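Undergrad: Attaching a single structure in structure tokens format; questions to follow.
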Amino acid sequence: MTDTTRFPADPSRRRVLASGGAALALAGLTGGLGTRPARAAAGPVLARTLPSTGESLPAVGLGSWITFNVGDDPVLRAECAAVMAAFLDAGGAVIDSSPMYGSAQAVIGAGLDRLGRSGEAFSADKVWTGDTDEGRSQIAQSRDLWRVPRFDLVQVHNLVGWEAHLETLAALKAEGAVRHVGITTSHGRRHDLFEEIMVAHELDFVQLTYNPVDREAERRLLPLARERGIAVLVNRPFRRGALTQRLEGEPLPDWAGALGAETWAQLVLKFILSHPAATIPIPATTRPGHASENVRAAAGPLPDADLRGRIARHIQDL
Ligand SMILES: NC(=O)c1ccc[n+]([C@@H]2O[C@H](COP(=O)([O-])OP(=O)(O)OC[C@H]3O[C@@H](n4cnc5c(N)ncnc54)[C@H](OP(=O)(O)O)[C@@H]3O)[C@@H](O)[C@H]2O)c1
Numbered sequence: 008m009t010d011t012t013r014f015p016a017d018p019s020r021r022r023v024l025a026s027g028g029a030a031l032a033l034a035g036l037t038g039g040l041g042t043r044p045a046r047a048a049a050g051p052v053l054a055r056t057l058p059s060t061g062e063s064l065p066a067v068g069l070g071s072w073i074t075f076n077v078g079d080d081p082v083l084r085a086e087c088a089a090v091m092a093a094f095l096d097a098g099g100a101v102i103d104s105s106p107m108y109g110s111a112q113a114v115i116g117a118g119l120d121r122l123g124r125s126g127e128a129f130s131a132d133k134v135w136t137g138d139t140d141e142g143r144s145q146i147a148q149s150r151d152l153w154r155v156p157r158f159d160l161v162q163v164h165n166l167v168g169w170e171a172h173l174e175t176l177a178a179l180k181a182e183g184a185v186r187h188v189g190i191t192t193s194h195g196r197r198h199d200l201f202e203e204i205m206v207a208h209e210l211d212f213v214q215l216t217y218n219p220v221d222r223e224a225e226r227r228l229l230p231l232a233r234e235r236g237i238a239v240l241v242n243r244p245f246r247r248g249a250l251t252q253r254l255e256g257e258p259l260p261d262w263a264g265a266l267g268a269e270t271w272a273q274l275v276l277k278f279i280l281s282h283p284a285a286t287i288p289i290p291a292t293t294r295p296g297h298a299s300e301n302v303r304a305a306a307g308p309l310p311d312a313d314l315r316g317r318i319a320r321h322i323q324d325l
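Quick note on numbering: the sequence shown equals residues 8 to 325 in the numbering used here.
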């Protein structure tokens, strides 16, 4: 799943692989076929190939929980748009949201529209309702808020109503209204049921918590994702900011330089990215500088197994 392909700095050369393995040159087109003619980054960033479709995506995404729930405030909305602009400029694409995140979906939709860059984002949203009859209408409403013709990915949020929602999502995918489907969990919750669903259902993505401190997913879910050919979005890479705050002020170890990691955030993301099944971490931020710093973690080398152990031990010992 982890490959060494790099997104070219020249956006006109960006390519997306369509299902069936055929390479389609999509740069410059518009509308939900994975078209993301991103602006040039300072250098190429690591690309990930999605096992189920062969599509290629930049290896660091952007979350939106809390950070983008800013309501109608024009100043805060402009700040969120600036975060998305920095993220896309650095070469990012995957943006994750949910109807659970207050105004975040509307803020993303309006922000991307204002930037004129909706076509550059890989729209990853969720269905989140216990009333399973409402699944379709909720997804349609979310799509209106995002202002996209169809979602690149819809995930069942925290497994709420998962059986019925997965049926709905399979039907929407067959209709071409959703491109990929998935399920989410976080904080190590409900891993037994999560595993059963991963075995019994055709999923393009799962989303779970993984970072140098929270490593429960290494036991079963990450190996299973690899075995089943399921891409993994990694949530809470910074433990909601508690990890980056704890590391702030601590000197970066000398050996971080060999990986091209200039900050703790980049070292943590490199640890996540170097797990062979962890496809795309999705850190959230309120700061444009952090958005580009996070995407740039996918440039330069990744740690090998020895160095991964060293990163985890070093962070745990601090
Ligand atoms: N069950 C689910 O489906 C589920 C559960 C949890 C999360 N998620 C998704 O995963 C996303 C990420 O998780 P999260 O938002 O809980 O937490 P997170 O990404 O682990 O942490 C976010 C915090 O990290 C800080 N941060 C970001 N980049 C930084 C950098 N370069 N340097 C220092 N600090 C940095 C941010 O502060 P600044 O604003 O100062 O940068 C923010 O407070 C969510 O937004 C959501 O989209 C999904």
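Every residue gets a Cβ at the ideal spot worked out from N, C-alpha and C, and that includes glycine.
Remember, predicted model here, so these are calculated numbers, not experimental data.
One question on the structure: do L274 and P308 come within less than 9 Å of each other, judged by their Cβ atoms?
TA: Locating residue 274 in the sequence shown gives position 267, counting from the first residue. Locating residue 308 in the sequence shown gives position 301, counting from the first residue. Against a cut-off of 9 Å, the Cβ pair of P308 and L274 comes out as no contact.
Undergrad: Would you grab the beta carbon distance between D103 and I279 for me? Rounded to a whole angstrom, and I think it's under 8 Å.
TA: On the sequence shown, residue 103 is found 96 positions in, with the first residue counted as 1. On the sequence shown, residue 279 is found 272 positions in, with the first residue counted as 1. Contact doesn't hold; Cβ gap of about 15 Å is too wide.
Undergrad: Given a cut-off of 9 Å on the beta-carbon distance, is the pair G118 and M91 in contact?
TA: Taking the sequence shown and counting its residues from 1, one reaches residue 118 at position 111. Taking the sequence shown and counting its residues from 1, one reaches residue 91 at position 84. Contact flag set, yes.
Undergrad: So, helix, strand or coil for L69, using DSSP?
TA: Against the sequence shown, residue 69 aligns to sequence position 62. Correct three-state label for L69: strand.
Undergrad: Let me check understanding here. Comparing Cα to Cα, which of H194, L166, I287, A298 lies closest to M205?
TA: By one-based count along the sequence shown, residue 205 stands at place 198. Of the candidates H194, L166, I287, A298, the one whose C-alpha sits nearest the C-alpha of M205 is L166.
Undergrad: Which whole-angstrom value is the C-beta distance of S144 and A111, which I expect to be below 8 Å?
TA: For the purposes of this step, residue 144 is taken as residue 137 along the sequence shown, with counting starting at 1. For the purposes of this step, residue 111 is taken as residue 104 along the sequence shown, with counting starting at 1. Contact doesn't hold; Cβ gap of about 19 Å is too wide.
Undergrad: For ligand 1, is there any heavy atom lying closer than 8 Å to the beta carbon of R226?
TA: Position 219 of the sequence shown holds residue 226. No, the Cβ of R226 stays beyond 8 Å of every heavy atom of ligand 1.
Undergrad: Between A224 and V161, what straight-line distance do the alpha-carbon atoms span, to the nearest angstrom?
TA: As a first step, residue 224 must be located in the sequence shown, where it is residue number 217. As a first step, residue 161 must be located in the sequence shown, where it is residue number 154. Each residue's Cα considered, the two are about 21 Å apart.
Undergrad: Leaving aside the five residues before and after A178 along the sequence, list all residues of the same chain whose C-beta is less than 7 Å from its C-beta, in chain order.
TA: Indexing the sequence shown from 1 puts residue 178 at position 171. Hits under 7 Å: none found.
Undergrad: Hey, is Y108 close to ligand 1, as in C-beta under 8 Å from one of its heavy atoms?
TA: As a position in the sequence shown, residue 108 is number 101, starting the count at 1. Yes, Cβ of Y108 sits closer than 8 Å to a heavy atom of ligand 1.
Undergrad: Could you check whether the Cβ of T270 sits closer than 8 Å to any heavy atom belonging to ligand 1?
TA: Taking the sequence shown and counting its residues from 1, the one referred to as residue 270 is at position 263. Yes, Cβ of T270 sits closer than 8 Å to a heavy atom of ligand 1.
Undergrad: Would the beta-carbon of R222 be found less than 8 Å away from any heavy atom of ligand 1?
TA: As a working mapping, residue 222 is identified with position 215 in the sequence shown. Every heavy atom of ligand 1 is 8 Å or more from the Cβ of R222, so no.
Undergrad: Pick out whichever of G168, F245, G264 has its Cα sitting closest to the Cα of A272.
TA: By one-based count along the sequence shown, residue 272 stands at place 265. Comparing Cα positions, the closest option is F245.
Undergrad: Please report the Cβ distance between L69 and A304, rounded to the nearest whole angstrom; I am assuming they are in contact, meaning their Cβ atoms lie under 8 Å.
TA: Position 62 of the sequence shown, counted from the start, is the residue given in the question as residue 69. Position 297 of the sequence shown, counted from the start, is the residue given in the question as residue 304. About 13 Å; that fails the 8 Å criterion.
Undergrad: Tell me whether N76 sits in a helix, a strand or coil according to DSSP, three-state version.
TA: Numbered from its first residue, the sequence shown carries residue 76 at position 69. Here N76 sits in coil by DSSP.
Undergrad: Would you say K277 touches ligand 1, meaning its beta carbon is less than 8 Å from a heavy atom?
TA: Here residue 277 refers to the residue found at position 270 of the sequence shown. K277 Cβ: outside cutoff for every heavy atom of ligand 1.
Undergrad: Just list the alpha helix (DSSP H) runs in the segment 225-299, keeping only unbroken ones of 4 residues or longer that don't cross its boundaries, in chain order.
TA: Correct list: 228-235, 249-254, 271-280.
Undergrad: Short check: CB of V67 to CB of I287, under 9 Å?
TA: For the purposes of this step, residue 67 is taken as residue 60 along the sequence shown, with counting starting at 1. For the purposes of this step, residue 287 is taken as residue 280 along the sequence shown, with counting starting at 1. Cβ atoms of V67 and I287: closer than 9 Å.
Undergrad: Mind the definition here: the segment 205-218 touches the segment 230-247 only if three or more C-beta pairs lie below 8 Å; say whether that holds.
TA: The segment 205-218 vs the segment 230-247: in contact.
Undergrad: At a threshold of 8 Å, does K133 count as lining ligand 1 (C-beta to nearest heavy atom)?
TA: Looking up residue 133 in the sequence shown gives position 126. Yes; taking the cut-off as 8 Å, the Cβ of K133 has a heavy atom of ligand 1 nearer than that.
Undergrad: What are the complete beta strand (DSSP E) segments, minimum 3 residues, inside the segment 95-174?
TA: With a minimum length of 3 residues, the continuous beta strand (DSSP E) runs that stay inside the segment 95-174 are 101-103, 129-134, 158-163.
Undergrad: Pick from R226, A249, D80: whose alpha carbon is nearest that of A284?
TA: Position 277 of the sequence shown holds residue 284. Nearest of R226, A249, D80 to A284, Cα basis: R226.
Undergrad: From what residue to what residue does the alpha helix (DSSP H) around R320 run?
TA: For the purposes of this step, residue 320 is taken as the residue at position 313 of the sequence shown. Looking at the DSSP string, the run of the alpha helix (DSSP H) that includes R320 is 312-324.
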